[in-house]
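Step one of this worksheet: look at the structure below.
Protein chains: 4
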Amino acid sequence: MAKSRFEYVKSFEQDDSLLPQCWIVVRIDGKGFTKFTSAHKFEKPNDVRALQLMDACAKEVMREFGDIRIAYGESDEYSFIFHKSTHMYGRRSSKLVALTVSCFTGNYVRLWPQYLPNVTLQCTPTFDGRAVCYPTVEILRDYLSWRQADTHINNQYNTCFWALVKSGKTTTEAQALLKDTQTRDKNELLFSQFNINYTEVPEQFRKGSIVVRQRQRVVVKHGEDGTPVEREVSVPTVLHVDIIGNQFWVDNPQILS
Amino acid sequence: MAKSRFEYVKSFEQDDSLLPQCWIVVRIDGKGFTKFTSAHKFEKPNDVRALQLMDACAKEVMREFGDIRIAYGESDEYSFIFHKSTHMYGRRSSKLVALTVSCFTGNYVRLWPQYLPNVTLQCTPTFDGRAVCYPTVEILRDYLSWRQADTHINNQYNTCFWALVKSGKTTTEAQALLKDTQTRDKNELLFSQFNINYTEVPEQFRKGSIVVRQRQRVVVKHGEDGTPVEREVSVPTVLHVDIIGNQFWVDNPQILS
Amino acid sequence: MAKSRFEYVKSFEQDDSLLPQCWIVVRIDGKGFTKFTSAHKFEKPNDVRALQLMDACAKEVMREFGDIRIAYGESDEYSFIFHKSTHMYGRRSSKLVALTVSCFTGNYVRLWPQYLPNVTLQCTPTFDGRAVCYPTVEILRDYLSWRQADTHINNQYNTCFWALVKSGKTTTEAQALLKDTQTRDKNELLFSQFNINYTEVPEQFRKGSIVVRQRQRVVVKHGEDGTPVEREVSVPTVLHVDIIGNQFWVDNPQILS
Amino acid sequence: MAKSRFEYVKSFEQDDSLLPQCWIVVRIDGKGFTKFTSAHKFEKPNDVRALQLMDACAKEVMREFGDIRIAYGESDEYSFIFHKSTHMYGRRSSKLVALTVSCFTGNYVRLWPQYLPNVTLQCTPTFDGRAVCYPTVEILRDYLSWRQADTHINNQYNTCFWALVKSGKTTTEAQALLKDTQTRDKNELLFSQFNINYTEVPEQFRKGSIVVRQRQRVVVKHGEDGTPVEREVSVPTVLHVDIIGNQFWVDNPQILS
Numbered sequence: 001m002a003k004s005r006f007e008y009v010k011s012f013e014q015d016d017s018l019l020p021q022c023w024i025v026v027r028i029d030g031k032g033f034t035k036f037t038s039a040h041k042f043e044k045p046n047d048v049r050a051l052q053l054m055d056a057c058a059k060e061v062m063r064e065f066g067d068i069r070i071a072y073g074e075s076d077e078y079s080f081i082f083h084k085s086t087h088m089y090g091r092r093s094s095k096l097v098a099l100t101v102s103c104f105t106g107n108y109v110r111l112w113p114q115y116l117p118n119v120t121l122q123c124t125p126t127f128d129g130r131a132v133c134y135p136t137v138e139i140l141r142d143y144l145s146w147r148q149a150d151t152h153i154n155n156q157y158n159t160c161f162w163a164l165v166k167s168g169k170t171t172t173e174a175q176a177l178l179k180d181t182q183t184r185d186k187n188e189l190l191f192s193q194f195n196i197n198y199t200e201v202p203e204q205f206r207k208g209s210i211v212v213r214q215r216q217r218v219v220v221k222h223g224e225d226g227t228p229v230e231r232e233v234s235v236p237t238v239l240h241v242d243i244i245g246n247q248f249w250v251d252n253p254q255i256l257s
Numbered sequence: 001m002a003k004s005r006f007e008y009v010k011s012f013e014q015d016d017s018l019l020p021q022c023w024i025v026v027r028i029d030g031k032g033f034t035k036f037t038s039a040h041k042f043e044k045p046n047d048v049r050a051l052q053l054m055d056a057c058a059k060e061v062m063r064e065f066g067d068i069r070i071a072y073g074e075s076d077e078y079s080f081i082f083h084k085s086t087h088m089y090g091r092r093s094s095k096l097v098a099l100t101v102s103c104f105t106g107n108y109v110r111l112w113p114q115y116l117p118n119v120t121l122q123c124t125p126t127f128d129g130r131a132v133c134y135p136t137v138e139i140l141r142d143y144l145s146w147r148q149a150d151t152h153i154n155n156q157y158n159t160c161f162w163a164l165v166k167s168g169k170t171t172t173e174a175q176a177l178l179k180d181t182q183t184r185d186k187n188e189l190l191f192s193q194f195n196i197n198y199t200e201v202p203e204q205f206r207k208g209s210i211v212v213r214q215r216q217r218v219v220v221k222h223g224e225d226g227t228p229v230e231r232e233v234s235v236p237t238v239l240h241v242d243i244i245g246n247q248f249w250v251d252n253p254q255i256l257s
Numbered sequence: 001m002a003k004s005r006f007e008y009v010k011s012f013e014q015d016d017s018l019l020p021q022c023w024i025v026v027r028i029d030g031k032g033f034t035k036f037t038s039a040h041k042f043e044k045p046n047d048v049r050a051l052q053l054m055d056a057c058a059k060e061v062m063r064e065f066g067d068i069r070i071a072y073g074e075s076d077e078y079s080f081i082f083h084k085s086t087h088m089y090g091r092r093s094s095k096l097v098a099l100t101v102s103c104f105t106g107n108y109v110r111l112w113p114q115y116l117p118n119v120t121l122q123c124t125p126t127f128d129g130r131a132v133c134y135p136t137v138e139i140l141r142d143y144l145s146w147r148q149a150d151t152h153i154n155n156q157y158n159t160c161f162w163a164l165v166k167s168g169k170t171t172t173e174a175q176a177l178l179k180d181t182q183t184r185d186k187n188e189l190l191f192s193q194f195n196i197n198y199t200e201v202p203e204q205f206r207k208g209s210i211v212v213r214q215r216q217r218v219v220v221k222h223g224e225d226g227t228p229v230e231r232e233v234s235v236p237t238v239l240h241v242d243i244i245g246n247q248f249w250v251d252n253p254q255i256l257s
Numbered sequence: 001m002a003k004s005r006f007e008y009v010k011s012f013e014q015d016d017s018l019l020p021q022c023w024i025v026v027r028i029d030g031k032g033f034t035k036f037t038s039a040h041k042f043e044k045p046n047d048v049r050a051l052q053l054m055d056a057c058a059k060e061v062m063r064e065f066g067d068i069r070i071a072y073g074e075s076d077e078y079s080f081i082f083h084k085s086t087h088m089y090g091r092r093s094s095k096l097v098a099l100t101v102s103c104f105t106g107n108y109v110r111l112w113p114q115y116l117p118n119v120t121l122q123c124t125p126t127f128d129g130r131a132v133c134y135p136t137v138e139i140l141r142d143y144l145s146w147r148q149a150d151t152h153i154n155n156q157y158n159t160c161f162w163a164l165v166k167s168g169k170t171t172t173e174a175q176a177l178l179k180d181t182q183t184r185d186k187n188e189l190l191f192s193q194f195n196i197n198y199t200e201v202p203e204q205f206r207k208g209s210i211v212v213r214q215r216q217r218v219v220v221k222h223g224e225d226g227t228p229v230e231r232e233v234s235v236p237t238v239l240h241v242d243i244i245g246n247q248f249w250v251d252n253p254q255i256l257s
């Protein structure tokens, strides 16, 4: 069989390797999750189980791909930041996106029963993805700030929206009430009508999830006499803290070094 | 919170839309499947259950994305051919790759218990992916021929290799015996030593899986008196046939029309 | 001197090779030619000397790059069509654009005194350029039709505009008079007010310039007795004919074969 | 005439805009200049007139494109560094390359008689070009160091080579003598055989040409009484200095600021 006669088709693959020495962000995003969350009756405005499932998947992705330095998640999206010097898969954009989104999705389905044990998966969740390059640490930090600012804005809106809906408003009425309101207006609405102090809403919802590698002592085996043998290893860990200000980066210089 | 101050980072996303009027092939490929198949004790050279799982996932992908005209699978890889005129997700390469690979992986994990009911999933399967453009039907057919020729070559080699190994050779010995052999030599080896007539090996293994949409009458609901109501719908269907020759394409002109 | 320490910077060059088996159009376009033409007092609406200079440059480009099959020019722009199978400079977009535009510009300055002998070049003409891929002959022909249709529309408008201006209207008045007029209106205006039958305007202006290679007998040397020795060679030749209809392509099948 | 029917072909133009906030280097390079220099009998190893012509063209390019901060030239190549924040032509790679190479080539032909007044241009010089992105000032400086190191290596080799050839060696003999020699060997050869102290070779040849904008007082007009009116303007100026070390950049912080 003339294999060689057909092999020329390989030459149509075009190089999509990303510019060297730029930070690479792979962002994945749930496809059609409005429908997906309602089909599975996710709690509103935030479903802790679903967020923890997202975080668990992100940790698996970071275990799989060592060059990811930090990840940031909110709602049904997650951004993974590969170190600027990574040579993983020749920095080919499609490979990085495909592997990240595949690893995430596979874990989402696999870990589902662990985080939503009483909810049957009705359909297969799907995520899209993209890769973006950032030439400097400053711009990369602005990227992360952009996502965390987005989390704040969305969460504040959703907290108001669902409080109104749960109080009996229709979704259309709730939207109309929130139209053109500012941060201050929404905080007042929450406090005056629902006795919710927005600053007391859990940081998990207000700050999103930051996944970084932290040194932990873990038991790696047991000796013959049963004594646990510990070793310090690097473990993906989820935080809910501010990353827009400087403090986090001053405290954790190794992340983007 | 100054959202706008950070939004400029969106401008770093670069357009990766694929050339209009070209056929788009998204090929996905299992990552580290040598290890994955041995961890799950897949039968060698071919595990029917695993191949059927792959086919089931491909059918789900085709149900999800209507512009896929045909798919071709072998071993742990699958190629999905999007019609040249598709406008799906603006023909953005990263979106098409991400969604295809995500949908496939999610289904692989979700449908696993159905196809390998007695095998516990040990780790999360991951697939990589890429998108390639082909400007004409002729070159696209050469692409499909390339993959099917590859299936033949791999399957014939693997059939010999595992027959030798099962007969007591080490993997090194088996490799040495097959080095530089031609198609004819391998067929003779299979017949003389193992009484295997290669042309009688199931077409599923020799031809791979072709998934096309076929018109089928299906029961869509039942009337008040219980009478089934049928409608003709288009259903992704798996075939194991030759697609290198002309006959298949003469018989199925609608696929690439 | 540590050369090697710096050579890593080469790795930042990204591959921009164009999809195989697609027709490549390199279109160049005069930068700021409104100012350039008025600085050199080009005749309006068309300056034959300037158009012939453009054509001469296009012929030089075609002599330099044998894989160009046809070129089409109008006003201060020219499109060069490289055969779909060209391997010139690895089909790298930047190389093809740079060499085409450089060859054209160099000849424009060099041949200027030959075509505009009494006009001193006041400033250096500059052209921009781009490369575009077309997957099939049909779409490539639509590209060429697009340019020739554009020539017609522009030339008809300009013929009217300059007739009005030369008759005493201001440019603003001329623009106002032509606003929203159709082909038929413009033809009537030309005939009734200026006694110009548009179909008698030279085809050079109405059809633009098509450059193709034609077989010609040329004297390649002279024998000892002075007898000219002829040989048939392929020579870039300028035509002003319709290329939107089929006839031209039926008569010249070799161009896009 | 149905213009709109063809206009869809515009959609085949693919976006090639370069990553924001990266330094853009457009490097142009003479095509076939070995032949070109010998056709015009350029002096070897360096022809001052030809180098000055190159420098003059580079200055014109910098006058035309204000976002170029520095240019570096050697032999028949020139690199133009656009500021990382340039928005010129939407940062489209093909536009930047085409306009740079076109402007350079046009000036090369136009200024030729001024720099090589007694040499008739035999053929049209052509340059190719490419655009490369560098994410940081450090890497950009390494790029410039790479080119200047290259100048040194080439010039030292060529100085030896042509000294040997002019002394009666064939080009093959000269190549053989220089094979595998180090910097020290070449310096000794020059000194012992030709009494040339390499460090006394003009910096123009050893360092190449750096073009930067310098503030100069120029006469912009004359008053009614004939008094010259001066103004300080920024003028592209050619230097032949070291740019590998720090000093130049310490002294000229504005270039890459």
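Protein chains in written order, with full-length UniProt numbering: chain A, 1 to 257; chain D, 1 to 257; chain Y, 1 to 257; chain H, 1 to 257.
Built from N, CA and C at the ideal position, the CB exists for glycine as well.
Amino acids of chain D, ordered along the chain, whose beta-carbon sits closer than 7 Å to that of residue i
i, result
"Y198 (chain A)", "Within 7 Å Cβ-Cβ: nothing; Y198 (chain A) doesn't reach chain D, min ~12 Å."
Interface partners of residue i on chain H, CB under 9 Å
i, result
"I81 (chain A)", "Those within 9 Å of I81 (chain A) in chain H number zero; the least Cβ separation is about 15 Å."
"Q21 (chain A)", "Y134, P135, T136, I139"
"E60 (chain Y)", "T124"
Under 8 Å by beta carbon: chain Y residues contacting residue i
i, result
"T126 (chain H)", "E64, L99, S102, C103, G106"
Closest Cα partner of residue i within the set the options
i, options, result
"F6 (chain Y)", "H:K10, H:D150, H:R130", "H:D150"
"T199 (chain Y)", "Y:R213, Y:K44, Y:R184, Y:V119", "Y:R184"
"Y58 (chain H)", "H:K207, H:L111, H:M88, H:L140", "Per the sequence presented here, residue 58 (chain H) reads as Ala, with Tyr not at that position. That would be H:L111, whose Cα lies nearest to the Cα of A58 (chain H)."
"Q204 (chain D)", "D:Y8, D:D55, D:K10, D:L18", "D:D55"
"G208 (chain Y)", "Y:A71, Y:L116, Y:F33, Y:S4", "Y:A71"
"Y89 (chain A)", "D:R63, D:P228, D:K31, D:K166", "D:K31"
"F36 (chain A)", "A:G168, A:V119, A:K10", "A:V119"
"L85 (chain Y)", "Y:V101, Y:S79, Y:F12, Y:D67", "Note on residue identity: the sequence assigns Ser, not Leu, to residue 85 (chain Y). Checking every option, the nearest Cα to that of S85 (chain Y) belongs to Y:D67."
Distance CB(residue i)-CB(residue j) smaller than 8 Å
i, j, result
"V109 (chain H)", "G129 (chain H)", "no"
"D29 (chain A)", "F161 (chain A)", "no"
"C22 (chain A)", "P125 (chain A)", "no"
"residue 278 (chain D)", "R92 (chain D)", "This structure cannot settle anything about residue 278 (chain D), because the visible part of chain D is limited to 1 through 257."
"E138 (chain Y)", "C103 (chain Y)", "no"
"A163 (chain A)", "L121 (chain A)", "no"
"S192 (chain A)", "R213 (chain A)", "no"
"R69 (chain H)", "L239 (chain H)", "no"
7 Å Cβ cut-off: residues of chain Y touching residue i
i, result
"K31 (chain H)", "L99"
Residue i CB to nearest heavy atom of the ligand GDP below 7 Å
i, result
"V233 (chain D)", "The ligand GDP is not part of the structure shown, which contains no ligands of any sort."
7 Å Cβ cut-off: residues of chain A touching residue i
i, result
"G129 (chain D)", "S94, A98"
"F6 (chain D)", "D142, S145, W146, A149"
Residues that residue i contacts on chain H, provided the C-beta gap is smaller than 7 Å
i, result
"L11 (chain D)", "In the sequence under discussion, the amino acid at residue 11 (chain D) is Ser, which differs from the Leu named in the question. The contacting residues are P20."
Partner residues on chain D for residue i, Cβ-Cβ distance less than 8 Å
i, result
"D67 (chain H)", "Near D67 (chain H) there are no residues of chain D at all, since even the closest Cβ is about 17 Å away, more than 8 Å."
Residues that residue i contacts on chain A, provided the C-beta gap is smaller than 9 Å
i, result
"D55 (chain Y)", "Within chain A, no residue comes near D55 (chain Y); the closest Cβ sits about 35 Å away, beyond 9 Å."
8 Å Cβ cut-off: residues of chain H touching residue i
i, result
"R110 (chain Y)", "V109, L121, T124"
Any chance you could list the alpha helix (DSSP H) runs of at least 4 consecutive residues sitting entirely within the region 24-79 of chain H, in chain order?
Correct list: 33-39, 48-64.
Mind checking the region 139-154 of chain D against chain A and listing, in chain order, the residues whose C-beta falls within less than 8 Å of any C-beta there?
Taking 8 Å as the Cβ-Cβ cut-off, the region 139-154 of chain D approaches chain A at I139, D142, Y143, S145, W146, A149, D150, H152, I153, given in chain order.
Beta strand (DSSP E) segments (min. 3 residues) lying fully within the UniProt domain "Thg1 C-terminal" (139-244) of chain H:
Complete beta strand (DSSP E) runs here, min 3: 209-222, 228-239.
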